Every structure is written in C-alpha cells, then in structure tokens.
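What follows is one structure encoded as structure tokens, with my remarks underneath.
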Amino acid sequence: MLEARIHVTLKPSVLDPQGDTVRSGLASLGFTTVEDCRIGKFMVLRLAESDPVRARAQVDEMCRKLLANPVIEDYVFELREVAG
Amino acid sequence: MKCGILLFPGTWSHQDFAHVCQDVLGCDWGYVWHKETSLRGSDCLILPGGFAHGDYLRCGAIARFSPIMDAVVRFAREGGPVMGSCNGFQILCEAGLLPGALLRNTSLQYRCGWVHIRTESLETPFTRALTPAQVLKIPISHGEGRYHAAPETLARLKANDQIVFRYATPDGRITDQANPNGALENIAGICNEGRNVLGLMPHPERAAEAILGSEDGLGLFRGMLDAIAARPA
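In order, the protein sequence lines correspond to chains F and C. Just remember that our numbering sits 229 ahead of the position in the first sequence, which is counted from 1. Numbering-wise, our numbering puts 107 at position 122 of the second sequence, and it's gapless, one number per residue.
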C-alpha cells in the first residue's frame, strides 16, 4: 500500500497575512531569525494502489482537480510504502 | 419558475434571496437542491452566501463538485444569467466560471458591516439598470473575500471591462480605507467574458428594503429580471 504526503502552499506571489502574523508572534517570543513564514496544508492519503507510477499520476490529478487551486496554490507530494 | 436559488448544505442567505424575490419583487422563485441535476426550468440562477459544505479545504472547493454544478456550468455557458454573492462568488471562481480566487481577508478578521461599492461597468444584465459610477450602500459578511488574480488575469479583466464593482468611499473614491478585505485593486465584483455571470462579495439581498438600511441592491435584481424578460424563450 502506498501513502501520499501532500504539501499545498500559497504561491510566492500571494500575500499570506496568516503567515505574517505567525512570524511576528515568533518574533515576540524571541525567535528573531525567522525572516518569512508561510502557512500551508499537509494532507496524507492512503492509496489502494501498489504501482508508484500509477499512484503518482493519480495523486497529481487529484492535486490539480481538487486538493490545490492552481490560481493561488502550489503543491508537492511524496509517495512512500506503508504496511497495508 | 423564474429565479432558481441554489441550496447547498451550509448555504445561509437563501431565505433572504427568496424573501426579496417573493415579497419585494413579487417574482417566481424556487430552491434547487445541490443533489438535483436539473435546474427546474430556471430562467436565472442565484448562488447565495454561506458556507457550502462547511467551506472545507477551500471556500467553494467541494460545492463545485455537487451534482447540480454540471447543469449550472451548462446554463452559464449558454448565456443564462447567474449571480453569485459571497460564498456563491467563491463557488463560481472554484468552478472556473469566473477567473481568480478569494483569499483570507488581510485583517484575518471576519468583516460584517456596511460598505460602499462603485459600479464600474453597466455592461452586464445585473447592472444595466444602474447609472455609471453609481455608488451602492450594501453589506458584506465574510472572512475570505480578498479577491486575487494573477497579473495577466487582471490585465484581461481590465481589457474586457470585466471589473463590475470596486469598494469605494460613500462619494465614490477608490481608497485603501474603503477596502474591507485587501482585495486586489478594491475589486468587489467581476463578470465573465460572456458578461452573463456575476460574482460579488457584498450581499444585494440584504440591501433591498429601505427599512433595513438600504435598497441599493434592488437594481441588480431588477436588471436580472429585465434581462430574463428580454431573452428569447
């Protein structure tokens, strides 16, 4: 069985006020080295699919069609083998 | 039925729209449940505000896959008048019927209150009854209304006169202070290239009676009904 771990993030050109607020929160805690913070989403899918090539194509399509909005978001994912 | 009001689980403004249709304008209307596949002969469509499907993942992202949406897309592509307000606007963007996307307000706060919007284009069925640069007093109620589009999309919106409303001061000036959510260039509402699909964050249905503070939203309904009357059957 394969597991897909997907990160969805706002495109660099899109303002992320939530990330800015978290960065200033970290700064007020003394973590002054944080120059930028972007908030995104992390999704884990377990797939009834053992072929990584097919799985990769499916997950890519899922990201394009639903999990990310290409107008504002980018996505990356990795696949890994997990016990079924 | 003249006016079809779409209903998703989590829609909340449908009764206000129904009230305006029935009690203010006296026109036929009916709800269309999201699991249906027919628009029941609607002559125009309204996608009301709310939190369709809990706004899970992204606002409007799940609603886009409701069974009724195939019929909505077909109706829009055939030139039928469609108005999406608030969450309805978000759904229309997710469905690809309008360009761009709506993001978290820059303030990170839910904004609920009266705003003013300036009419930027009369070339839609909904705004034909308005006057150039007419300022409407109209409420907003949203946490994710910051309109965003890529530079090339914005350029296309401008070239095609698709920006329909901008947040403005009561006397019609476009300022940062008048922008309640950080929207790109104060954009409050846009239409598609075919000009028959309008999306806007404000709520025209809550500005349809003087006793409630404004009837500036009525012009959009009147324009829509005029357009239906003029459309060949």
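Positions of the beta carbon are idealized from the N, C-alpha and C atoms, including for glycine. Please read all numbers here as calculations on a predicted model, not as lab measurements.
- The stretch 173 to 184 of chain C and the stretch 108 to 121 of chain C touch, with three or more beta-carbon pairs separated by less than 8 Å.
- According to the DSSP assignment, M272 (chain F) belongs to the beta strand (DSSP E) that extends over G269 to L276.
- Nearest Cα to G26 (chain C) within the set C:C44, C:D13 and C:V149: C:D13.
- For secondary structure counted as the alpha helix (DSSP H) over 4 or more consecutive residues, the stretch 13 to 76 of chain C holds these complete runs in sequence order: 54 to 62.
- When only Cα atoms are considered, K20 (chain C) and R207 (chain C) end up about 29 Å apart.
- The Cβ of L231 (chain F) sits no closer than 8 Å to any Cβ of chain C.
- DSSP places A286 (chain F) in no beta strand (DSSP E) but in the uninterrupted alpha helix (DSSP H) bounded by P281 to M291.
- Taking C-beta atoms as the reference points, L42 (chain C) and G184 (chain C) fail to come closer than 8 Å.
- Beta-bridge partners of L258 (chain F) (DSSP): none assigned.
- Under the Cβ criterion of 8 Å, T250 (chain F) is counted among the residues facing chain C.
- Take S279 (chain F), set aside five residues on each side of it, and the residues of its chain with a beta-carbon closer than 8 Å to its own are M230 and L231, in chain order.
- The C-beta of S51 (chain C) has 16 or more other C-beta atoms within 10 Å across all chains shown, which makes the residue buried.
- In the DSSP assignment, E190 (chain C) falls outside any beta strand (DSSP E), carrying neither H nor E.
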